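In this text, residue positions in the sequence shown follow the numbering used here: the first is 7, and each later residue adds one. For glycine and all other residues, C-beta sits at the position ideal for the given N, C-alpha and C. Just so you know, these numbers come straight off a predicted model, no measurement behind them. Comments concern the structure below.
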Amino acid sequence: MRKKIVAGNWKMNNSSYETIKLLNELIEFNFSKGTRVIVCPAHTQLGIAYEKLKNSNIEVASQNMHFELNGAFTGEISAKMIKSVGVLTSIIGHSERRVFFNETDQILTKKVETAIKENIEVIFCVGEELSIRKSKKHFRFVQSQLENSVFLQPKKSWNKIIVAYEPVWAIGTGETASPEEAQEMHFFIRSLISKKYGSDLANSVSIIYGGSVKPNNAKEIFAKPDVDGGLVGGASLNSEDFAKIVNAF
Ligand code: PGA
């Protein structure tokens with residue numbers, strides 16, 4: 007069964023004090039169980055967030071993880087480390103990791119493999135830059151991102167994979183893909199999953215949209231049949247805005 011999911015990607019924001027304040031506000035909303043609500047704080051706040059939320063129905067995910075479990079990788083965090091503070095989900099392949107930290111499809115494939123092996127659920131991000139959309143190669147581009155990473159995984163791994171379509175031109179820009187553009191790409195991604203793994207699996211994978219999701223556009227985007235929720239950046243830093251997005255279903 008496809009799950010509705012709204013995940014807040016806090017990126018490099020929020021001190022411990024701000025984290026606790028925001029989480030206290032979110033707990034008050036007492037979200038209904040119909041939607042999975044996830045927050046993705048910075049690594050230093052993962053443990054605090056997990057402890058604070060463990061009796062709520064808000065989950066915690068990491069924004070990233072390394073493909074090795076330990077070793078000489080200064081500044082990195084491993085699957086074992088995030089698991090040790092109770093966190094069992096990680097974003098992998100966010101466009102900011104791809105662009106600013108040179109994470110290639112090969113690196114992301116290794117990360118996905120490690121995550122699955124370690125029983126970590128993956129929110130795997132794909133999405134094209136503006137020049138690619140303008141040259142009308144966005145479908146081919148997203149297809150290659152999938153084929154070079156998550157499509158290399160066996161069918162049984164897919165109960166641990168959520169796909170996030172995040173057109174790079176819509177992230178943090180205030181520009182959103184129209185609900186129709188989002189639907190078109192989500193339908194395309196689901197069709198690819200269906201061709202590769204069968205329709206039963208395709209119909210069970212959640213595909214969420216990210217890129218300037220706000221309280222005033224979430225409802226229309228989430229209403230599309232192949233959009234199962236959102237990966238929310240900026241608007242997830244404000245509890246009321248985030249709650250309005252969660253409640254947009
Ligand atoms: P945004 O970020 O909502 O601020 O556009 C989304 C994301 O990067 O996940």
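With DSSP collapsed to three states, give me the class of residue i.
i, result
"Glu57", "helix"
"Ser184", "coil"
"Arg8", "coil"
"Glu31", "helix"
"Val118", "helix"
"Leu237", "strand"
"Phe73", "coil"
"Val66", "strand"
"Ser242", "helix"
"Ser212", "coil"
Between the Cα of residue i and those of the options, spot the shortest distance and give me the residue it belongs to.
i, options, result
"Asn253", "Pro231, Glu226, Gly240, Gly239", "Glu226"
"Leu52", "Lys17, Phe79, Glu187, Ala78", "Lys17"
"Ala224", "Ile168, Ala188, Gly204", "Ala188"
"Met71", "Leu152, Glu190, Lys117, Met191", "Lys117"
"Val174", "Val93, Ala229, Ser101, Lys142", "Ser101"
"Val238", "Glu190, Ala55, Tyr171", "Tyr171"
"Ser68", "Leu29, Ile44, Ser245, Ala241", "Ile44"
"Ala125", "Lys162, Glu246, Ser62", "Per the sequence presented here, residue 125 reads as Asn, with Ala not at that position. Among Lys162, Glu246, Ser62, the Cα nearest to that of Asn125 is on Lys162."
"Asn222", "Ser150, Ala249, Leu207, Leu29", "Ala249"
Might you give, ordered along the chain, the residues of its own chain that have their beta carbon closer than 7 Å to the beta carbon of residue i, omitting 5 neighbours on each side?
i, result
"Lys202", "Phe157"
"Cys46", "Ala13, Gly14, Asn15, Trp16, Ala67, Ser68, Gln69, Ile97"
"Phe193", "Asp232"
"Glu82", "His72"
Near residue i, which residues of its chain fall below 8 Å by C-beta distance, leaving aside the five closest residues on each side in sequence?
i, result
"Phe147", "Glu134, Ile138"
"Glu119", "Phe73, Gln159"
"Ser212", "Arg8, Lys9, Lys10, Ile11, Ile168, Val169, Asp234, Gly235"
*Three or more C-beta pairs closer than 8 Å, one from the segment 213-220 and one from the segment 165-185: is that the case here?*
yes
_Contact the segment 32-40 vs the segment 86-101: 3+ CB pairs below 8 Å_ = no
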